[in-house]
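Peer 1: Quick note on numbering: the sequence shown equals residues 18 to 555 in the working numbering.
We put the beta carbon where it would ideally sit given N, CA and C, even for glycine.
Keep in mind it's a predicted model, so treat the numbers as computed, not measured.
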Amino acid sequence: MIVVSNLSLRFGKRILFDEVNLKFTEGNCYGVIGANGAGKSTFLKILSGEIDATSGNVSITPGKRMAVLKQDHYEFDEFTVLETVIMGHKELYGIMKEKDAIYAKEDFTDEDGMKASHLEEKFADMNGWNAESEAGELLGSLGVTEEFQYAKMGDLSNNQKVRILLAQAIFGNPDILILDEPTNDLDIETVGWLENFLAEYKNIVIVVSHDRHFLDSVCTHVCDIDFRKIKIYGGSYTFWYEASQLASRQKSDLNKKNEEKRKELQEFIDRFSANVKKSKQATSRKKMLEKLNVDEIDPSSRKYPGIFFKQEREGGDQILNVQNLSLDPWFKDLNFSLYKGEKVVFLSKESLAITNLFRVIMGEQKPDAGTFDWGITINKAYLPNDKDSYFNSDLNLIDWLRQYSVEKDETFIRGFLGRMLFSGEESLKSCKVLSGGEKVRCMLSRLMLQNPNLIILDEPTNHLDLESITALNNGLKNYEGTILFTSRDHTIVQTIATRVIELTPNGMIDKSSEYDDYLDNDEVTQRRSELYNLALTT
Ligand SMILES: Nc1ncnc2c1ncn2[C@@H]1O[C@H](COP(=O)(O)OP(=O)(O)OP(=O)(O)O)[C@@H](O)[C@H]1O
Ligand SMILES: [Mg+2]
Numbered sequence: 018m019i020v021v022s023n024l025s026l027r028f029g030k031r032i033l034f035d036e037v038n039l040k041f042t043e044g045n046c047y048g049v050i051g052a053n054g055a056g057k058s059t060f061l062k063i064l065s066g067e068i069d070a071t072s073g074n075v076s077i078t079p080g081k082r083m084a085v086l087k088q089d090h091y092e093f094d095e096f097t098v099l100e101t102v103i104m105g106h107k108e109l110y111g112i113m114k115e116k117d118a119i120y121a122k123e124d125f126t127d128e129d130g131m132k133a134s135h136l137e138e139k140f141a142d143m144n145g146w147n148a149e150s151e152a153g154e155l156l157g158s159l160g161v162t163e164e165f166q167y168a169k170m171g172d173l174s175n176n177q178k179v180r181i182l183l184a185q186a187i188f189g190n191p192d193i194l195i196l197d198e199p200t201n202d203l204d205i206e207t208v209g210w211l212e213n214f215l216a217e218y219k220n221i222v223i224v225v226s227h228d229r230h231f232l233d234s235v236c237t238h239v240c241d242i243d244f245r246k247i248k249i250y251g252g253s254y255t256f257w258y259e260a261s262q263l264a265s266r267q268k269s270d271l272n273k274k275n276e277e278k279r280k281e282l283q284e285f286i287d288r289f290s291a292n293v294k295k296s297k298q299a300t301s302r303k304k305m306l307e308k309l310n311v312d313e314i315d316p317s318s319r320k321y322p323g324i325f326f327k328q329e330r331e332g333g334d335q336i337l338n339v340q341n342l343s344l345d346p347w348f349k350d351l352n353f354s355l356y357k358g359e360k361v362v363f364l365s366k367e368s369l370a371i372t373n374l375f376r377v378i379m380g381e382q383k384p385d386a387g388t389f390d391w392g393i394t395i396n397k398a399y400l401p402n403d404k405d406s407y408f409n410s411d412l413n414l415i416d417w418l419r420q421y422s423v424e425k426d427e428t429f430i431r432g433f434l435g436r437m438l439f440s441g442e443e444s445l446k447s448c449k450v451l452s453g454g455e456k457v458r459c460m461l462s463r464l465m466l467q468n469p470n471l472i473i474l475d476e477p478t479n480h481l482d483l484e485s486i487t488a489l490n491n492g493l494k495n496y497e498g499t500i501l502f503t504s505r506d507h508t509i510v511q512t513i514a515t516r517v518i519e520l521t522p523n524g525m526i527d528k529s530s531e532y533d534d535y536l537d538n539d540e541v542t543q544r545r546s547e548l549y550n551l552a553l554t555t
């Protein structure tokens, strides 16, 4: 169990949350939700002891082991895959290392002998002899085959690394598992795997996510950060969402009496529970829905940012011409031309293939072979996958955005930031401390200021909250220029794309089509499996 008492956190004058009292108990999975910048990541860091709260405290039942999913994809580059996974169980890994050091000694004393036997005993108690095989099995179930288990992390693709870091976090079944946006860099199959795993997991899970489907598959409780408070509600994300919508309707309806409102609420809960019981998705965790509560649910204070892209001048007919473009091992012999106003989604099982293609056509990376030519009228704006390099300075948000604006006037810049939900004091904070979603909002402002006639977006919805995703989706729908993008958000791809280009290790598929039609097309399905299977046999 984790008990949070009187917890408060402030950064300067800004209070993120105040006097928070909560309990997290065994067998439950808590989905931590809240707008971008609400304090989700900060709250998890306090729970795991990485940072201190301003006041109050967190206590964990003694002897309970906590594991946290690591975000840094490069941290374990020097270690083998198996070792990286075992490191997830810090104590066990420490004992292994200590034992090895003693046995490696040349002058092995009696004292060393005693120490070694003591360590061996502890090691055996922790089931240490099975650690490697368990780690191997876990990796196998995540699709990391044996041939990779002795490879160095640094030699692996991003797609493999994120699965290994996930294995590290869940290795040895920690009593408390903490995950901050785990699905961001995962492929669809692994997200499905994780959903099943968490739905059946018996210990405490605390997970931040902006993905509704994921939250609904795994959570028994919602932990909402809003109004400077953190509150826990029993039930799924959808239950919380609908209940808070109802609360907001009721709040504005002054004619209804309290008694009527209470009745309406009770009916809503009964209806909801009945539907859940009927649904097939009955994991062992869904039993908790017996105790749904909406006590004191508040309508949420989430806001929509204003996202619209304008073209300063329309592009000519010549947009982009790509010929025989190759970059090993990501893509080879790409050939395509773009037409004005096309919205092209790029797909690939290996997301880095697309990231690298975008980097090449943006001139950030040299291809191995082939050429690409931009039309001279093209004014392109680019949202890269990795945004951190843009935020390494101490500039405040106004000065940060001013760098990218022709109009330098502070009122203009402040107006722009306000539209992106940074107002007053907020626009004076350092760009270094921005949350994941806030960084994306700033990058989107930078794109808007460019008034581009072509936009390249690499996973633009990563880190964004639902309100911002909706605003971005609408902004892109209304944009008349050309778009090249990749996204795992089904709705965005379906509503924006007019053409699909899929990169496989053995060539590309290029089809003018909506996304759903592309997925349903038999010819395409067959072509895909040929192209990918070819990769397996070579
Ligand atoms: N050292 C700091 N000084 C001032 N403000 C900070 C500091 N660290 C974080 N913040 C601010 O605290 C807020 C909460 O940040 P946090 O990363 O916890 O948000 P989050 O809820 O995880 O958001 P996201 O959904 O975008 O990941 C943000 O507005 C951030 O800019
Ligand atoms: Mg965060």
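Select from S174, L173, G160 the residue whose C-alpha is nearest the C-alpha of A184.
Peer 2: Of the candidates S174, L173, G160, the one whose C-alpha sits nearest the C-alpha of A184 is G160.
Peer 1: To the nearest angstrom, how far is it from the Cα of A370 to the Cα of S343?
Peer 2: Using only the alpha carbons, I get a separation of about 11 Å.
Peer 1: Excluding five sequence neighbours on each side, which residues of the same chain lie with their C-beta closer than 7 Å to the C-beta of S301?
Peer 2: Low confidence applies here, because S301 scores a pLDDT of 49, under 50, leaving its location unreliable; read the following figure in that light. Closer than 7 Å at Cβ, skipping near neighbours: E217.
Peer 1: Name the DSSP bridge partner or partners of H90?
Peer 2: According to DSSP, which records beta bridges pairwise, H90 is partnered with nothing at all.
Peer 1: Give me, in chain order, the residues of the same chain whose beta-carbon lies closer than 6 Å to that of G387; leave out the 5 immediate sequence neighbours on both sides.
Peer 2: Only Q340, N341, L342, S343 meet the Cβ criterion.
Peer 1: Please classify A55 as buried or exposed, where buried requires at least 16 other C-beta atoms within 10 Å of its C-beta.
Peer 2: Looking at its Cβ environment, which holds 16 or more other Cβ atoms inside 10 Å, A55 is buried.
Peer 1: Does E277 have its Cβ less than 8 Å from a Cβ in chain D?
Peer 2: The chain labelled as chain D is not found in the depicted structure, where only one protein chain is given.
Peer 1: May I ask you to verify whether the region 314-321 touches the region 349-364, counting CB pairs closer than 8 Å and requiring at least 3?
Peer 2: Touching, no.
Peer 1: DSSP on I336, reduced to helix/strand/coil?
Peer 2: Reduced to three states, the DSSP call for I336 is coil.
Peer 1: Quick check on E381: does DSSP put it in helix, strand or coil?
Peer 2: It is coil, neither helix nor strand.
Peer 1: Could you tell me the alpha carbon to alpha carbon distance between N190 and E497, rounded to whole angstroms?
Peer 2: If you take the alpha carbons of N190 and E497, they lie about 50 Å apart.
Peer 1: Entirely within the region 470-510 and at least 4 residues each: give me those alpha helix (DSSP H) ranges in chain order.
Peer 2: Fully enclosed alpha helix (DSSP H) runs of 4 or longer: 483-494.
Peer 1: Apply the 10 Å Cβ neighbour rule to Q420 and answer buried if 16 or more other Cβ atoms are within range, or exposed otherwise.
Peer 2: So Q420 counts as exposed.
Peer 1: Please say whether I500 and I472 have beta carbons closer to each other than 8 Å?
Peer 2: Contact: yes.
Peer 1: Nearest to N201 by alpha carbon, out of F325, I378, D228, N523?
Peer 2: Nearest C-alpha to N201: D228.
Peer 1: Within a Cβ cutoff of 6 Å, which residues of the same chain sit near Q267, ignoring the five residues on either side of it in sequence?
Peer 2: Cβ neighbours of Q267 beyond the five flanking positions: K278.
Peer 1: Any idea which residues DSSP pairs G251 with across the strands?
Peer 2: BP columns for G251 point to H238.
Peer 1: Does the separation of the CB atoms of S444 and I486 fall below 8 Å?
Peer 2: Going by C-beta atoms, S444 is not nearer than 8 Å to I486.
Peer 1: In the DSSP assignment, find the unbroken beta strand (DSSP E) run with L26 in it and report its ends.
Peer 2: Looking at the DSSP string, the run of the beta strand (DSSP E) that includes L26 is 19-28.
Peer 1: Going along the chain, which residues of its own chain have a beta-carbon closer than 7 Å to the beta-carbon of A299, five neighbours each way excluded?
Peer 2: In this prediction, A299 has a pLDDT of 47, which is less than 50 and means its spatial position is unreliable; what the coordinates show is noted afterwards. Excluding sequence neighbours, A299 sits near nothing in its chain.
Peer 1: Put I518 into one of helix, strand or coil per three-state DSSP.
Peer 2: Strand, per DSSP.
Peer 1: Give the DSSP-derived three-state secondary structure of K114 in the structure shown.
Peer 2: Helix.
Peer 1: For K178 and H90, what's the separation of their Cα atoms in angstroms?
Peer 2: Roughly 7 Å between the two C-alpha positions.
Peer 1: Which complete beta strand (DSSP E) runs does the region 155-232 hold, if anything under 3 residues is left out?
Peer 2: For the region 155-232, whole beta strand (DSSP E) runs of length 3 or above, ordered along the chain, are 193-197, 221-225.
Peer 1: Just curious, the alpha helix (DSSP H) that A141 is in, first and last residue?
Peer 2: That run of the alpha helix (DSSP H) goes 127-142.
Peer 1: Based on the DSSP secondary-structure assignment, which residues constitute the bridge partners of Y399?
Peer 2: Paired residues: I473.
Peer 1: State the DSSP-derived secondary structure class of Y47, mapped to helix, strand or coil.
Peer 2: In the structure shown, Y47 sits in a strand (DSSP, three-state: E or B).
Peer 1: Roughly how many angstroms lie between the CA atoms of L263 and W257, to the nearest whole one?
Peer 2: Their Cα atoms are separated by approximately 10 Å.
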